[in-house]
Structures are given as C-alpha cells and as structure tokens.
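Protein chains: 2
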Amino acid sequence: MKKLLNDPRRFVADALAGFAEAHADIVRVQSSPVFVTRLRMSAGKVGVVSGGGSGHEPLHVGFVGHGMLDAAAPGEIFTSPTPDPILAATREAHQGAGVLYLVKNYTGDVLNFETAAELAAMEGIAVRTVVIDDDVAVQNSEFTAGRRGVAGTVLIEKIVGAAAERGDGLDALADLATRLTASVRSIGVAIGAPTVPHSGKQSFELAPDEIEFGIGIHGERGRARVGMAPADELADRALEAVLDDIPREGERTIVLVNGMGATPPAELYVVYRRIAERLRGIGAHIERSLVGSYVTSLDMAGFSVSLLSVDDELLSLWDAPVRTAALRWGM
Amino acid sequence: MKKLLNDPRRFVADALAGFAEAHADIVRVQSSPVFVTRLRMSAGKVGVVSGGGSGHEPLHVGFVGHGMLDAAAPGEIFTSPTPDPILAATREAHQGAGVLYLVKNYTGDVLNFETAAELAAMEGIAVRTVVIDDDVAVQNSEFTAGRRGVAGTVLIEKIVGAAAERGDGLDALADLATRLTASVRSIGVAIGAPTVPHSGKQSFELAPDEIEFGIGIHGERGRARVGMAPADELADRALEAVLDDIPREGERTIVLVNGMGATPPAELYVVYRRIAERLRGIGAHIERSLVGSYVTSLDMAGFSVSLLSVDDELLSLWDAPVRTAALRWGM
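Heads up: the sequence lines are chains A and B, in that order.
Using the working numbering, you'd call the opening residue of the first sequence number 704 and step up by one each time.
Using the working numbering, you'd call the opening residue of the second sequence number 704 and step up by one each time.
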C-alpha cells in the first residue's frame, strides 16, 4: 500500500487536523467527540447537519460553511459516526430553530442519526431527518436496506443549505429535502479499486480489462462486472441507468459528474462531454453543472453521474452564495 | 491502460469540449487553432496569457477567467502548444495595453512563446514574457535548460491576474511576475507513475516501496529514487528542500500543497498538517493556503509543496475576487 499517511489509525485524525488548519477561516474542528462546525453560526437559523464515514472527502466536512452545512460528524474510514459526535454537532447547530439531518442511506448512519435525534429531542431540540438514497445501481446492498446514498447528496446539501440560510423553517426544509431526494438519481462506475488504509489491500480486484458498473462508494458491488469500454460508452450506460429510473425528457437539470478520488479532471471532462451531448439529444436542458471530485471513495478510480431536475426556485437556491472548503461562489 | 477516454488522439479535444460545455459561463474554447479565452475581456486591461502541454489540468485552462488569465493555449498531452494558437490567444487577449506571457520553463514552451511574441510584435502588440522556474529538484532536466516550472505557477497566475484586473500596466506586471518568480519555490514527490494515453504505459516504474523524490510534472526524474516513508517524513524532506533554497524564518507565506492527479484530498491534508506544523516551528506565518489538485500530471499519485513569501499588497491581490473554473472566490 502506498498512501500519504502516517499510522493508518491516525489517518482520519491527521487529515482532519490539516483540514482544520487549512480552512480556519471557514470551519472549526472539535475533538472528543470529533465533529466540524462552521466558524460562525447564524442565530435563529435552522441547523443543517450531515455526516458519515470518512474517506469520501470533501463530503461532508468540505461542505460545512455559509450556505451549506452548519456541522458534520465524520466517522472513521467507511464507518458511521456514533451518536455522541452527532449529538454534539446538533447542540452547536441548534440556534433555536431546530436541526435538519441529511443522512445517506446506510444502516449504521441511519441508526446512529436516529439515536442522536432521540437524545436531542430529550434536550428539547427539534430534529427532522431526511434519508438520501439516490443510487439507482442496486435495491439493497451489504450496508443498506434500500438504495444507497451517494454523490447526489452534494446537490441536496447545497440547495437545502441555501434555503436554510434564507430563513426557511424546519418543516419546510425537511419537505424540500424530501422533494429533492425524490428527484435526484446517481450511478457510479469504478475502473480501479480503492485501498483501505487499515487493511492495506484493495477493496476488490478488477482484471486489466474489467470495471464495476454501479459501484458503491465503499467499494460495494454494483450491478455487474463488465468489460472496459470507451468513455462515451461508459457515460451512455451510466446515463441510461439514471434515466431509466426517472426520465428527463424536456426537463431542466443540474448535472454532477463526480470523480471517485484517483481520476484526474481531464477524464471527468471527457465523460461530461458525452453526458451533455446525450442530454441535449433527449431535449433535457443542463441549467448548471459540477465536474470534479466531490464524493470520493479513497483512491478509487472512476466516476459517477447524478441528475437533479430543477425549477427557477431551486436554481436560485443553487446559485445562492456559498463558502465552504470545497464549494464556493458569490462570496 | 484504464482511463476514461475514447481514442487517445481525441483525448485533449474531448476533454476541452467537455470543459467548454461545463464552464460556458466563464470561458470560450476556440478550435483551429485551439485556445481558451475568458468570456468577456476587460477593455484597456493588459492581457495575461499562459499555456503549455495538456495533462496538468486544471492548469492552465481552469485558471482562465476574471482576475486570473485572459487566455491559455493548451498543447497536446505533455506537448508545448505551437506559436500559432499562442498568437491567436495573444490577439484576443490584447485589449490595447499589451500582453504578458507567463511561461513555465520548458524548452519547447519557451521557444514557442518567444516566436509568438515576435509575431505579435510584428502586428504591433507589445508582449513581455516571464519564465517561471520554481522547481528546486534539479538544475537541468530532459526538457529544460535550468529549473523546471511547476505548481508555483498557480500562485503567480493568481496574483499577477489580480494586478492586471486592477489596471496595472505591462511593465509593472512583468516586474511583479519576475519578483514572484524569484520568491516561489516548489518540489514534488511521486508515489505512483502516470500513464500517458498515447503509449498506454506508465511513464516510469516504481517498486512497491519506492518513490521518486523531486519528480517533474511530466514524470521526469527528480533528485533520487528513495524508499517509501510515512507522510510526515516525506513532507519534512520536501519542505527542507524548498527551505534549503530560500529560508523562510519569520516570513509571511502562501503555501500550496498540490495533488498530482490521483491523490485524494484526505492524503493531501495529512501532508499539509505536517507542513504547517514545521513552518510554525521555524516562525514562518502561513497567511493563506491552497490544498488540492491544481497542477496535475495525468494520473500520477503524489504531491508537491510550493511556498511564496508575501506582504500586505500581495495578500490583497491574492484575496481579490477571482472567477475561473478551478479557483473562485469573492464572486
């Protein structure tokens, strides 16, 4: 295993320490328990909190800041955070108007956020939870009852974060997040496996001409192990899988072409070119796009595609100023 | 070779097409000859133009936009652009106040930008050129007389771009770029080799426990092939090489910890943590930092460290609004 780390047991802690130092103008990283908050909370605003296993950076800690998340609880690599840091993050994010949890659908995450919500309720903090399950690849998987939550999460965190920033109430935000979850769909393709620091071994083995279609963000099996193909063909297959689930003919959409961690920008733009071409072909309008590595799986190589249908209101929330470590515009 | 591409001969063209589509609100990509300009030029402003071989994205095309570059000429993979696209980019960037070339020190780039400058002069366009040679690893190399230009280029493009945007004249900008070049120093470390699409083979071979210390951004040999070590040790050695060249005790600095293309964010933050700790130890002040993959080498794994000393004026130029595909704040 060749990775830029010291002791694998210190990997998450070291990375968070560097993250805290690099972005001290945006976030604060707390220890015991470990969670990340934006530097300045907005009084009276609903707190938006997320979290989950580490190894998917910049998700979620890189999206803490003005206009997106108020706090995030990162677990160990591919490991759900316990209720303790989630509860601590909740207390800080609660500014009198309650807290919304955005939770990717993995059994551990769902359970631990549920427990934290119960504990928060006992302290008088109103919590609503929306579970994100945007991955069309499989109906159930190793860590999941139902579909997995993957890269579409970023789109939801941005839009819901903007709505919270403009002052929407807890129920309205939960409704918005639910509506977005119903509309966003994703699928991922791995052309190279990640190596988990603790084991030092690749999560799965691919032959030189093999890829995993429908990969999960922890290296979980997808729909099929198939042959490597030109980028346009992979993009087509990914897009078709997403469109099979929700057709987008004539729809206005936001498109995310996401890198899995070890895939350089030029390759992602090759994929995006084809996705855009095909969406035009069915009369869909790409209103906004994101191309980059936003929800990674350690050093996995590959990409995912996420589509979200939008209207004028959602677009204005998307365009609203945001200032986080990984997504920033308008300020 | 497993890459997200179609025909290797179409790789750069496909990636640029996707880039153009994804960032149509910021850039325009011209074909025959191929170059990239910002969407709206500022009348009367000095044009700032860069370019070089592709495969280093987001450098340079991802830094075209308000407050940074006016145009960039991307060559084929690791191949200098010819004078033709550089000249075409120069004509568009020239808004009556002349054009500044920021050129990384590689023989092909230097020659082709020189030829373009001569052709531009014949058309009455005043051009000044500053050659960037921030890599302390080696004094000369395969493609270079003198030191190579590497990731420090981003810091120069940002600061000089901001000075051009505020209205500085051509000579003042050339002086500023020269002063920055004298201050910025970098070194790179590869823990995994890149694969060039045309050959389908890795640029060099590393044993499982080997790294290349002082790697070039085209996979050129560095100072030494040495054993893999913990991240803190690699960070220490890289920082020492940079500080041996210019000590920074008590200096105010901007620090760039740059990913080489296949290295995920968490590993870069592990490196940054140590760099920050060591700089504090010598009484240097990190005024600003950038941690991410800004100057890549296709899918090479590893990092580079760049340091630039700054004062209040340079910091205000750094903080000035910028809106490019890859670097954006304040707007």
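Even glycine gets a Cβ: it sits at the ideal position worked out from N, Cα and C.
Who does residue 783(B) pair with in a DSSP beta bridge? For residue 783(B), DSSP records no beta bridge to any residue.
Cβ closer than 8 Å: which chain B residues qualify as neighbours of residue 894(A)? Residues of chain B with a Cβ closer than 8 Å to the Cβ of residue 894(A) are, in chain order, 705, 706 and 707.
In DSSP terms, what residue 1003(A) is bridged to: 964(A)
Roughly how many angstroms separate the alpha carbons of residue 1037(B) and residue 847(A), rounded to a whole number? There is no way to answer for residue 1037(B), as the model of chain B reaches only from 704 to 1034.
Going by DSSP in three states, residue 806(B) sits in which element: helix, strand or coil? Three-state DSSP puts residue 806(B) in a strand.
Using a C-beta to C-beta distance shorter than 7 Å, which residues of chain A count as neighbours of residue 1031(B)? 1031 and 1032
Compare the C-beta of residue 931(A) against all C-beta atoms of chain B and say whether one is closer than 7 Å. Taking Cβ atoms only, chain B reaches closer than 7 Å to residue 931(A), which makes this a yes.
Could you tell me the distance, in whole angstroms, from the CA atom of residue 891(B) to the CA atom of residue 825(A)? Using only the alpha carbons, I get a separation of about 52 Å.
Quick check on DSSP: helix, strand or coil for residue 722(B)? helix
Hey, is residue 725(B)'s beta-carbon within less than 7 Å of any beta-carbon in chain A? Yes, residue 725(B) lies at the interface with chain A (some Cβ there is under 7 Å from its Cβ).
For a contact defined as C-beta to C-beta under 7 Å, what are the partners of residue 992(B) on chain A? The answer, in chain order, is 725.
Any idea if residue 990(A) is buried or exposed, counting beta-carbon neighbours within 10 angstroms, 16 or more meaning buried? buried
Exposed or buried, residue 763(B), counting other C-beta atoms within 10 Å across all chains shown (16 or more means buried)? buried
List the residues of chain B whose Cβ lies closer than 7 Å to the Cβ of residue 964(A), in chain order. Within chain B, the residues near residue 964(A) are 967.
Residue 940(B): first and last residue of the uninterrupted alpha helix (DSSP H) it sits in: 934-948
Which complete beta strand (DSSP E) runs does the stretch 842-918 of chain A hold, if anything under 3 residues is left out? 888-895 and 913-916
Is residue 978(B) helix, strand or coil when you go by DSSP? helix
Give the secondary structure of residue 774(B) by DSSP, where H, G and I count as helix, E and B as strand, and everything else as coil. Strand, per DSSP.
So which residues on chain D does residue 999(B) lean against when the C-beta distance must stay under 9 Å? Looking for chain D here will not work: the only protein chains present are A and B.
Starting from the Cα of residue 1042(B), find the closest Cα among 725(A), 1024(A), 976(A) and 931(A) and give me that residue. The structure shown does not extend to residue 1042(B), since chain B spans only 704 to 1034, so no value can be given for it.
Output the distance between the C-alpha atoms of residue 867(A) and residue 734(A), rounded to the nearest integer angstrom. 26 Å
Determine the chain B residues that contact residue 974(A) at a beta-carbon separation under 8 Å, and present them in chain order. 707 and 721
Alpha-carbon spacing of residue 721(A) relative to residue 979(B), whole angstroms: 8 Å
Given a cut-off of 7 Å, decide if residue 791(B) and residue 736(B) are closer than it, judged by their beta-carbon atoms. yes
Taking 7 Å as the cut-off, decide whether the C-beta atoms of residue 744(A) and residue 1027(A) are in contact. no
How is the beta strand (DSSP E) around residue 993(B) delimited, first residue to last? Counting along the chain, the unbroken beta strand (DSSP E) around residue 993(B) starts and ends at 988-995.
Under the assumption that residue 816(A) contacts residue 774(A) (Cβ atoms under 8 Å), give the Cβ distance between them as a whole number of angstroms. With a Cβ gap of about 12 Å, residue 816(A) and residue 774(A) do not count as contacting.
Got a sec: is the Cβ-Cβ distance from residue 948(B) to anything in chain A below 7 Å? no
Which chain A residues sit within Cβ distance under 7 Å of residue 760(B)? 967, 968 and 969
According to the neighbour-count rule (16 or more other Cβ atoms, all chains shown, within 10 Å of its Cβ), is residue 894(A) buried or exposed? Residue 894(A) should be labelled buried.
Top-ranked residue by Cα proximity to residue 741(B), from 956(B), 864(B) and 852(B): 864(B)
Roughly how far, in whole angstroms, is the beta-carbon of residue 889(B) from the beta-carbon of residue 834(B), given that I think they are within contact range, below 8 Å? Residue 889(B) to residue 834(B), Cβ: 15 Å. No contact.
Taking 8 Å as the cut-off, does the stretch 799-807 of chain A touch the stretch 870-879 of chain A (at least 3 CB pairs, one atom from each stretch)? yes
Would you mind working out which of 956(A), 1000(A) and 981(A) sits nearest residue 988(A), comparing C-alpha positions? When only C-alpha atoms are compared, the closest one is 956(A).
Output the distance between the C-alpha atoms of residue 750(B) and residue 912(A), rounded to the nearest integer angstrom. 46 Å
Where residue 729(A) falls: helix, strand or coil (DSSP): In the structure shown, residue 729(A) falls within a coil segment according to DSSP collapsed to helix, strand and coil.
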